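Take a look at the structure set out below.
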Amino acid sequence: MKTIAINGSPRKGWNTHILVEEAGKGAASRGSETELFNLYDLNFKGCISCFECKRRGDKSLGRCAAKDGLTPVLERINECDALIIGSPIYIGEVTSAVRALLERLTFQYITYGKEKGTFFTRRLPTLLIYTMNVSEAVMESNGYAEKFKFYEDRLNALIGPAKTLVCTETWQTTDYSKYEMTMFDGDARKKRRDEVFPQDRRKAFELGAGLLTGLQSA
Ligand SMILES: Cc1cc2nc3c(=O)[nH]c(=O)nc-3n(C[C@H](O)[C@H](O)[C@H](O)COP(=O)(O)O)c2cc1C
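Each number in this note's numbering comes from the position in the sequence shown (counting from 1) with 339 added on.
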């Protein structure tokens, strides 16, 4: 079994990367090999609307034809058994790199036929992990949860069952006093990092392990 894990944060070793790695370890605990990609190490663009993935009778039907740094990732995802995608929230959205990945990943499989459908012929379980500054209450009130549901639904329709893990009020820097960011209480964030973040890590591990549970018994 193979799990592809994607860190969609430019910062290695920070919140998103840690949770993605933890979910990958969960998958590994169920016997899966896990390969992690740091999206910001790759040189790629979002969908360029070439429509080659919709061209009749062509080998590119249902597959993204653009060739760049994302191509090997899309190929690995096309063949893997479980997928983990982590993104920080930037200006109320996934990072631009994750958005570009999602465009390329999902659009290639959309059939555009009269009957809604997908060119993806398997059901691939996916875990979406989001990390953010806001509290869970603000996340709900400012509409993030609806956005997360949208991505979950899109993946569910096109690729397979998708689950979501959210990690709120993250520790953004090791020393808040060095930056102009007085809206945050650095000590409270550090405390949360020490006390709540380990729970998020555990949840990521469990959800990562859970991705492969159905496959093992199948
Ligand atoms: C450019 C930028 C925009 C951000 N916008 C938001 C936002 O709209 N909402 C939010 O809750 N957090 C926002 N954040 C905070 C990050 O989502 C949060 O700190 C996240 O956990 C960072 O992930 P990382 O530690 O893995 O890099 C933003 C951070 C940056 C750098």
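We treat Cβ as the ideally placed atom computed from N, Cα and C, and that holds for glycine. Keep in mind it's a predicted model, so treat the numbers as computed, not measured.
Return the chain-ordered list of same chain residues with a C-beta closer than 7 Å to the C-beta of residue i, the five sequence neighbours on each side being excluded.
i: aspartate 407; result: Asn382, Phe383, Lys384
i: lysine 542; result: Leu504
i: threonine 512; result: Tyr518
i: threonine 507; result: Met471, Val473, Ser474, Glu475, Met478
i: serine 556; result: In this prediction, serine 556 has a pLDDT of 42, which is less than 50 and means its spatial position is unreliable; what the coordinates show is noted afterwards. Cβ within range, chain order: n/a, list empty.
i: alanine 367; result: Thr373
i: isoleucine 416; result: Ile343, Leu422, Leu444
i: tyrosine 379; result: Pro349, Ala436
Among the options, whose alpha-carbon lies nearest the alpha-carbon of residue i?
i: threonine 373; options: Cys392, Met522, Asp420; result: Asp420
i: glycine 365; options: Lys341, Glu414, Ile387, Gly347; result: Lys341
i: glutamate 414; options: Gln511, Val477, Asp492, Phe459; result: Phe459
i: phenylalanine 487; options: Tyr469, Glu475, Ser474; result: Tyr469
i: lysine 530; options: Met522, Gly549, Trp510, Ala548; result: Trp510
i: aspartate 492; options: Asn417, Leu441, Lys453, Glu454; result: Leu441
i: serine 348; options: Gly396, Glu432, Met522; result: Glu432
i: alanine 439; options: Gly401, Thr410, Lys455; result: Thr410
i: leucine 494; options: Asn481, Thr552, Tyr483, Arg461; result: Arg461
i: leucine 358; options: Leu551, Arg395, Arg532; result: Arg532
i: glycine 452; options: Ser480, Gly401, Asp380, Glu485; result: Gly401
Considering only residues of the same chain and omitting the five flanking positions on each side of residue i, which have a CB-CB separation below 6 Å?
i: alanine 405; result: Ile387
i: glycine 525; result: Tyr515
i: valine 412; result: Phe376
i: glycine 482; result: none
Mind checking residue i: buried by the 16 CB within 10 Å criterion, or exposed?
i: tyrosine 518; result: exposed
i: glutamate 360; result: buried
i: methionine 520; result: exposed
i: valine 437; result: buried
i: serine 371; result: buried
i: asparagine 346; result: buried
i: threonine 434; result: buried
i: phenylalanine 376; result: buried
i: alanine 362; result: buried
i: glycine 547; result: buried
i: arginine 540; result: buried
Note down, in chain order, each residue of its chain lying with its Cβ closer than 8 Å to the Cβ of residue i, except the 5 sequence neighbours on either side.
i: glutamate 545; result: Gly365
i: threonine 457; result: Tyr448, Ile449, Thr450, Ala496, Leu497, Ile498
i: phenylalanine 523; result: Asn472, Gln511, Tyr515
i: threonine 552; result: Arg369
i: lysine 455; result: Ala496
Compare the C-beta of residue i with all C-beta atoms of chain D and state if any pair is closer than 7 Å.
i: glutamate 475; result: The chain inventory of the structure shown lacks chain D, comprising one protein chain alone.
- prompt: Is the stretch 497-514 in contact with the stretch 464-472, if contact means three or more CB pairs nearer than 8 Å?
  reply: yes
Given 8 Å, three or more beta-carbon pairs between the stretch 438-447 and the stretch 384-401: yes
- prompt: Are the stretch 532-542 and the stretch 387-405 in contact at 8 Å, needing three or more beta carbon pairs?
  reply: no
query: So which residues touch the region around ligand 1, with touch meaning a C-beta under 5 Å from any heavy atom?
result: Ser348, Arg350, Trp353, Asn354, Thr355, Pro427, Ile428, Tyr429, Ile430, Gly431, Thr470, Met471, Asn472, Val473, Thr509, Gln511
message: Taking 8 Å as the cut-off, does the stretch 421-437 touch the stretch 349-356 (at least 3 CB pairs, one atom from each stretch)?
response: yes
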